[in-house]
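Only one structure is covered here, and it is reproduced in the block below.
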Amino acid sequence: MDEQTAGFSDRHQSSNAQPLQPARRSRRRWLLWGIVILVLLLILFAVLRPHGKNAGGWHKGQTGDVQPVAVATVHTGDMPVVLQLLGTVIPITNVTITPRVSGHILDVYYQEGQHVKKGDELELIDPRPYEATLAQYKGTLAADRAQLEKARVDNARYQTLIRQNSTSAMTARDQEFTVQQLEGTVKFDEANVRNAELDVMYCHIIAPVDGRVGIRVLDKGNYVAAGQSGGLTILTQMEPISVIFTVPQNQIGPVADRLREVGELPVEAWNSDNTQKIADGTVKALDSQIDTSTGTVRMRGIFANEDERLFPNEFVNAHLLVNTLHNALIVPGNALQTGPDGQFLYVVQPDMTVKDVPVKVGETDDSNAVILSGVKAGDRVVTDGVSHLRPGQKVSIPDTSTNQTAAAEAQTAETHHRHRNGQQSTDAAKHSNDPSAPDAAGNH
């Protein structure tokens, strides 16, 4: 009985132990996952946790306590009003040399690309047929003139006889008509002679203007016809030369007013990349009407072109100086910011905070802008470092005021040959390695 009870007890314990094994394995698995997650969190914290001095800097960058910036001073000065316009170099005179008589080309007297003067002979068309025709007309003219002289003598005789009642009135009248008829014949012959002389003259191709000869179309020995298409060559006047450019219709008023006031406006021709000035010229007139397809009006600038740097049909940029504004408030163009309410400037206050000041902007160019209202001369405006600025933000200006004595001495020594009005930012960039250069605010 005891053995049976003991066996039953062992079987009962073994049957109870089997369900406990999966539960233990599940607890172990969750424990392992917890350890892995804890290790990953510790690694992530170690990587992202701020360390030492960098921790303070990181928090400071997020809050933006002090933002270093570059500044410039609002100043007064002269501001040129320049329109930059697209233009094309067009010769004032461009002549296609076309034959006016037919014949073979006997000779060519120019080299391709040669500069010629007005009146120089360029080519010769065989003149001999025209010289023969001229001689024929001259002979006919001489014969008809002789007949006219004879008829005039006879007419004088008949007029004497009729006064003496020695001939009939009809005979005398007929002689008068004969004289008039021969006078008409002589005039006709004279016209033929002049026409033949022109043909002989047209055999000599003469340059009508000073200029540069292009590539010739036909060589010596070829036959040409009067008015031949394409001509013989092209003669282009190079000095002076013009640039045709277009002005938008909304700019016509100021340009026309200024032209009426001063008579002519200066204009510069720059290369197609707008990186280098080529020549200086003047503009004296607007075209007579607006091109409705483009909404622009044409202007012609005249350039001496003595060095022939302007070449016909070249594309250029015309810089037309319309006016110069005197005593205007000027700021660097990169100081202007645009917001929902328009353009504004960040102005540095005495407590080294910035304030956004709305401004009204006038004329601008590549580097400067005229301020019509909003700031005054002497105000310091932020030109660089504005990306993280907010109104009321504390700012710092890099201190470049060391060696002020040396800077003052250098400035005094160069005053007689260097004048920089409102170019503090430019000087700072140019002399960034010079300890005597002024700082970004214009102070030494």
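Using my numbering, you'd call the opening residue of the sequence shown number 7 and step up by one each time.
Built from N, CA and C at the ideal position, the CB exists for glycine as well.
- Residue 243 and residue 86 have their alpha carbons spaced roughly 33 Å apart.
- Distance from the Cα of residue 398 is smallest, within the candidate group 375, 217 and 352, for 352.
- By the CB criterion at 9 Å, residue 378 and residue 361 fall outside the cutoff.
- Annotation: residue 271 to residue 260 spans about 12 Å, alpha carbon to alpha carbon.
- Across the set 170, 38, 100 and 393, the C-alpha of 100 shows the shortest separation from the C-alpha of residue 215.
- Nearest C-alpha to residue 184 among 170, 197, 194 and 161: 161.
- The Cβ atoms of residue 310 and residue 287 sit closer than 9 Å to each other.
- A straight line joining the alpha-carbon of residue 245 with that of residue 312 spans about 6 Å.
- A distance of 9 Å or more separates the beta carbons of residue 303 and residue 264.
- For residue 126, no alpha helix (DSSP H) encloses it, and the DSSP letter there is neither H nor E.
- Distance from the CA atom of residue 107 to the CA atom of residue 209, rounded to whole angstroms, is 7 Å.
- For secondary structure counted as the beta strand (DSSP E) over 3 or more consecutive residues, the segment 194-239 holds these complete runs in sequence order: 210-212 and 217-219.
- Rounded to the nearest whole angstrom, the C-alpha separation of residue 151 and residue 293 is 55 Å.
- Across the set 89, 230 and 34, the C-alpha of 230 shows the shortest separation from the C-alpha of residue 103.
- Residue environment analysis places residue 348 among the exposed positions, since fewer than 16 neighbouring C-beta atoms fall within 10 angstroms of its C-beta.
- If one requires a minimum length of 3 residues, the beta strand (DSSP E) runs lying completely within the segment 75-155 are 76-79, 81-96, 100-103, 109-114 and 127-131, in chain order.
- Residue range 258-268 is occupied by the alpha helix (DSSP H) that includes residue 258, with no beta strand (DSSP E) assigned at that position.
- Of 315, 356, 250 and 382, the smallest CA-CA separation from residue 337 is found for 382.
- Note that the C-beta distance between residue 326 and residue 289 is below 9 Å.
- Residue 78 and residue 396 have their alpha carbons spaced roughly 18 Å apart.
- With fewer than 16 neighbouring CB atoms inside 10 Å of its own CB, residue 269 falls in the exposed class.
- Residue 346 and residue 247 have their alpha carbons spaced roughly 48 Å apart.
- With a cutoff of 9 Å on beta-carbon distance, residue 105 and residue 291 are scored as not near each other.
- Closest option to residue 92, judged by alpha-carbon separation, among 402, 126 and 319: 319.
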